[in-house]
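1187 is the number that the numbering used here gives to position 102 of the sequence shown; each next residue is one higher, with no gaps.
Where is the CB? At the ideal position from N, CA and C, for every residue including glycine.
It should be emphasised that the depicted structure is a prediction, and the values quoted were computed from it without experimental measurement.
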Amino acid sequence: MRAMSSNRNIVILTGAGISAESGLKTFRAEDGLWESHPVDQVATPEGFARDPDLVQRFYDERRAQVLAASPNPAHMALGHLDRHFAGELLIVTQNIDDLHERGGASRVLHMHGEALSAWCRACDARHRWTGTLREGPACPACGEVAMRPDIVWFGEMPYRMDEIFDALARADLFVSIGTSGAVYPAAGFVQQAAAHGARTLELNLEESLGSRNFDETRLGPASELVPRWVEEVLGR
Ligand code: BV8
């Protein structure tokens, strides 16, 4: 198989596992996020319609945790890659935290939205938001009280899918880091990249639902695997 350092166009998909060592909960661990709040209660439009206060509080809590968290060596390594890799690079993240950006990466696409963003359903404006939404603040743009978390819930269309599909079609390397492969369409990206000839690599703590779809799977914590892989790609 060709050397890691010969790749010129890399797409990286990250999931909750890359932020686990920053202290942010994953979803499907036994003590995971969905453990205390079933998905359909807090991560669907129906759940929000049924009990907006519960959902606003759930994401107010996640927003505060994101602000209190710090990037770990995996985020820092991807930031280093972003600054030094001469080829094309796109980090598609399922995560709603901003740890990739705080780790120094800039070519980041949040396909499931962002905890630090509020979306006004009256005028469609989006605002950087570090406070709470449970009190029903007025939209800074239109003054209406109609703001929701800027998060893609189950049943909603992920953001910027065209850009993602285009990047997958052009990639010569697809790397999945810290995701269980449980949720679509993200879980299908590995097959799309492979169908266009990309090499596929999975870096994860344990076997995932999609491991059989990868050319290579390396098991271990992201904070160890990612810095090592970045050195390989940069040919160090
Ligand atoms: C949609 C935001 C239409 C909320 C999330 C087939 C095709 C298309 C859709 C579907 C389909 N079948 C079913 C569907 C519907 C649904 C779906 O997939 N359901 C599942 C349950 C079957 N999908 C949707 O509704 C999506 N929308 O389909 O629109 C469409 C169709 C096609 C094309 C375009 C549009 C919208 C889904 C988005 C939901 N929102 N997040 C929030 O954050 O609160 S999902 C949420 O769970 C995450 O964002 C992530 O995407 C997903 C999976 O989580 P992971 O990140 O993988 O985390 P998890 O805990 O599961 O795993 C962690 C992994 O890390 C583990 O493997 C663990 O071993 C590892 N790990 C742990 N520690 C470490 C580690 N690895 C390394 N180091 C460590 N230290």
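7 Å Cβ cutoff met for residue i and residue j
i	j	result
residue 1181	residue 1198	yes
residue 1158	residue 1270	no
residue 1264	residue 1100	yes
residue 1176	residue 1097	yes
residue 1317	residue 1089	yes
residue 1184	residue 1095	no
residue 1171	residue 1108	no
residue 1169	residue 1310	no
residue 1190	residue 1235	no
Residue i Cβ short of 6 Å to the ligand BV8 heavy atom set
i	result
residue 1285	no
residue 1165	no
residue 1274	no
residue 1311	no
residue 1105	yes
residue 1295	no
residue 1244	no
residue 1289	yes
residue 1113	yes
residue 1249	no
residue 1133	no
residue 1327	Any answer about residue 1327 is impossible in this case: the structure gives the chain only from 1086 up to 1321.
residue 1237	yes
residue 1129	no
residue 1100	yes
residue 1267	yes
residue 1270	yes
residue 1197	yes
residue 1307	yes
Same chain, Cβ closer than 8 Å to residue i, five either side skipped, listed in chain order
i	result
residue 1244	1194, 1195, 1196, 1197, 1198, 1237
residue 1226	1205, 1208, 1210, 1212
residue 1215	1148, 1152, 1201
residue 1113	1119, 1265, 1267
residue 1299	1261, 1275, 1285, 1286, 1287
Outcome for residue i when other beta-carbon atoms lying within 10 angstroms are tallied against a minimum of 16
i	result
residue 1295	buried
residue 1138	exposed
residue 1156	buried
residue 1102	buried
residue 1287	buried
residue 1276	exposed
residue 1232	buried
residue 1230	exposed
residue 1239	exposed
residue 1218	buried
residue 1293	buried
residue 1134	exposed
residue 1223	exposed
Other residues of its chain near residue i: CB distance less than 6 Å, five sequence neighbours each side excluded
i	result
residue 1166	1315
residue 1161	1188
residue 1148	1200
residue 1141	1218, 1219
residue 1105	1111
residue 1125	1132
Same chain, Cβ closer than 7 Å to residue i, neighbours up to 5 away in sequence not counted
i	result
residue 1291	1304
residue 1192	1167, 1174, 1175, 1176
Discussion item. Under 8 Å: do the segment 1203 to 1212 and the segment 1121 to 1129 share three or more Cβ pairs, one atom per stretch?
Written reply: These segments do not touch.
Next on the checklist: I want to know whether the segment 1252 to 1263 touches the segment 1281 to 1296 - three or more CB-CB distances under 8 Å.
Outcome noted: Taking 8 Å as the limit for Cβ pairs, the verdict is that the segment 1281 to 1296 does touch the segment 1252 to 1263.
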